[in-house]
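Per my numbering, residue 2 is the first one in the sequence shown, and the count goes up by one each step.
Note sheet for the following structure.
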Amino acid sequence: MMKRFLSTSLVALLALSAWASAHAQTPPTVNPPLEFISVQLWPDYDQEALLVLISGVLPADVSRPATVSLPLPPNSTVNAVAQVSEDGGGLLNLEYEVEGNLLTFTTPSPGFRVEYYQPYVVTGTERMVRFAWTPTTAVGQVVTSVQEPLAAQNFTLSPPADQIQQLDNGIRYHLYNPQSLTAGQPLFVEINYDLPTGQLTQSLMPSLPASETALPEPAPETTPRGVIPDWVLFAGAFGFLLVGLFFFASAWLDRQKKKGTPNKPVRGKFCGVCGTAVGKNDKFCRQCGSPTP
């Protein structure tokens with residue numbers, strides 16, 4: 002009787018272990034559709050190349066972790082892949098793989114960020130940049146913008162942008178109206194300009210007083226070093242574009258709350274005057290100098 006009891010108990014224990022293991026190792030959702038993508042193109046920003054900044058948000062009904070695949074142009078160099086932390090911890094590095102012209106990573110968060118450099122064609126002082134991005138899955142809304150190099154002359158875009166915004170530091174952004182993309186539908190922008198001095202935008206950006214450009218206190222050791230400084234440097238120039246992304250992400254999280262999911266909100270702090278993203282310990286906006294909220 003005791004042997005039969007032990008045998009039955011062992012079978013039950015093994016079955017329970019198998020069930021727990023199967024549920025603990027739930028495979029990630031592979032290549033889900035994307036609800037929102039922000040594509041920012043910065044030619045000749047800090048390198049003689051096109052810096053591509055892609056921010057994305059997964060749909061509310063996609064289970065996570067999710068494995069995302071994004072196209073990469075030939076000869077491009079990945080600079081960073083990160084998730085937007087749901088607990089307000091900022092941006093955290095993600096492991097990724099590049100196979101052929103495809104970048105693949107798995108994110109446990111709804112928001113993610115990708116940066117890479119793409120080479121362009123140089124003819125004397127002329128620059129020609131051809132950006133072609135063909136998603137492998139549907140994208141609900143794509144917002145595309147192009148940063149005009151500060152030293153550029155005869156700057157043109159094809160197709161032309163729908164509007165232009167200029168910041169106080171003189172940088173002009175060419176903005177396209179939002180659009181949706183189906184899987185395999187290309188997003189194409191051609192950029193042409195002269196760069197007679199060869200100077201990069203970052204080297205020409207006006208500097209603010211030290212009190213207004215101080216970096217936030219170092220992140221906790223749980224946040225990987227290396228990703229935060231890059232994002233902090235970039236935040237001043239394109240923060241106003243990220244406002245839309247974080248508003249979109251906030252709306253996503255609100256919908257998740259209504260569904261009863263236990264996700265914590267993504268926290269963002271922005272200047273009330275120009276909309277630039279600021280660090281949690283910044284007392285002044287590093288873009289316009291206004292006191293931060």
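Cβ coordinates follow ideal geometry from the N, Cα and C atoms, glycine included.
> Is it the case that the Cβ atoms of residue 114 and residue 121 are separated by a distance below 8 angstroms?
Replying inline: Along the sequence shown, read from residue 1 onward, the residue named residue 114 stands at position 113. Along the sequence shown, read from residue 1 onward, the residue named residue 121 stands at position 120. In terms of Cβ geometry, residue 114 and residue 121 do not form a close pair [threshold 8 angstroms].
> Based on the DSSP output, what are the partners of residue 298 in its beta bridges?
Replying inline: An answer regarding residue 298 cannot be provided, because it is not within the stretch 2 to 294 covered by the chain.
> Hey, quick one: how far does the beta strand (DSSP E) through residue 126 stretch, first residue to last?
Replying inline: Translated into positions along the sequence shown, residue 126 becomes position 125. Per DSSP, residue 126 belongs to no beta strand (DSSP E) and is neither H nor E.
>> Ignoring anything shorter than 3 residues, give me the beta strand (DSSP E) runs that lie fully in the stretch 28 to 57, in order along the chain.
In response: 35 to 44
> DSSP on residue 203, reduced to helix/strand/coil?
Replying inline: Here residue 203 refers to the residue found at position 202 when the sequence shown is read from its first residue. Here residue 203 sits in helix by DSSP.
> In chain order, what residues of the same chain lie with their CB nearer than 6 angstroms to the CB of residue 168, ignoring the 5 residues before and after it?
Replying inline: For the purposes of this step, residue 168 is identified with residue 167 of the sequence shown, where counting begins at 1. Taken in chain order, the list of residues that qualify is empty.
> How about residue 149 and residue 54: do their beta carbons lie closer than 8 angstroms?
Replying inline: Taking the sequence shown and counting its residues from 1, the one referred to as residue 149 is at position 148. Taking the sequence shown and counting its residues from 1, the one referred to as residue 54 is at position 53. Not a contact, by the Cβ cut-off of 8 angstroms.
> Beta carbon of residue 97, beta carbon of residue 146: below 8 angstroms?
Replying inline: Locating residue 97 in the sequence shown gives position 96, counting from the first residue. Locating residue 146 in the sequence shown gives position 145, counting from the first residue. Contact flag unset, no.
> By how many angstroms is the C-alpha of residue 196 removed from the C-alpha of residue 161?
Replying inline: Counting from one through the sequence shown, the residue named residue 161 turns up at place 160. Counting from one through the sequence shown, the residue named residue 196 turns up at place 195. If I take the Cα positions, the gap works out to 20 angstroms.
>> So, for residue 107: in the same chain, excluding its five sequence neighbours on each side, which residues have a beta-carbon less than 6 angstroms away from its beta-carbon?
In response: Stepping through the sequence shown from its first residue, residue 107 is reached at position 106. Taking residue 107 as the centre and dropping the five residues before and after it, the same chain places the C-beta of 29, 66, 68 closer than 6 angstroms to its C-beta, in chain order.
>> Per DSSP, what are the beta-bridge partners of residue 67 in this structure?
In response: Translated into the one-based positions of the sequence shown, residue 67 becomes position 66. According to DSSP, residue 67 bridges with 30, 108.
> What residue from 75, 118, 126, 102 has the CA that sits closest to residue 199's CA?
Replying inline: Working through the sequence shown from its first residue, we reach residue 199 at position 198. For residue 199, the nearest C-alpha among the options comes from 126.
> Thinking C-alpha only, which one of 70, 80, 64, 35 is nearest residue 50?
Replying inline: Looking up residue 50 in the sequence shown gives position 49. Ranking 70, 80, 64, 35 by Cα distance to residue 50 puts 80 first.
> In the DSSP assignment, what are the bridge partners of residue 121?
Replying inline: Numbered from its first residue, the sequence shown carries residue 121 at position 120. The partner list for residue 121 (beta bridge, DSSP) is empty, contrary to what the question assumes.
>> The beta strand (DSSP E) that contains residue 146, what's its start and end?
In response: Counted from its first residue, the sequence shown places residue 146 at position 145. Counting along the chain, the unbroken beta strand (DSSP E) around residue 146 starts and ends at 140 to 149.
>> Using CA atoms only, rank isn't needed, just tell me which of 163, 171, 151 is closest to residue 190.
In response: Within the sequence shown, residue 190 is the residue found at index 189, counting from 1. Selected option, being the one with the closest Cα: 163.
> DSSP state of residue 135, grouped into three classes?
Replying inline: Indexing the sequence shown from 1 puts residue 135 at position 134. Three-state DSSP puts residue 135 in coil, outside helix and strand.
> Under the rule that 16 or more other beta-carbon atoms within 10 Å means buried, what is residue 100, buried or exposed?
Replying inline: Position 99 of the sequence shown, counting from 1, holds the residue named residue 100. By the neighbour-count rule (16 or more Cβ atoms within 10 Å), residue 100 is not buried but exposed.
> Nearest-angstrom Cα distance between residue 170 and residue 202?
Replying inline: The residue given as residue 170 occupies position 169 in the sequence shown. The residue given as residue 202 occupies position 201 in the sequence shown. Answer to the nearest angstrom: the Cα atoms are 11 angstroms apart.
> Pick from 138, 62, 130: whose alpha carbon is nearest that of residue 105?
Replying inline: Reading the sequence shown from its first residue, position 104 is the one you call residue 105. Of the listed residues, the one whose Cα sits closest to residue 105 is 138.
> So, using beta-carbon positions, are residue 46 and residue 77 closer together than 8 angstroms?
Replying inline: Stepping through the sequence shown from its first residue, residue 46 is reached at position 45. Stepping through the sequence shown from its first residue, residue 77 is reached at position 76. The answer is no: Cβ separation not under 8 angstroms.
> Mapping DSSP to helix, strand and coil, what is residue 164?
Replying inline: By 1-based counting over the sequence shown, the position of residue 164 is 163. Strand, per DSSP.
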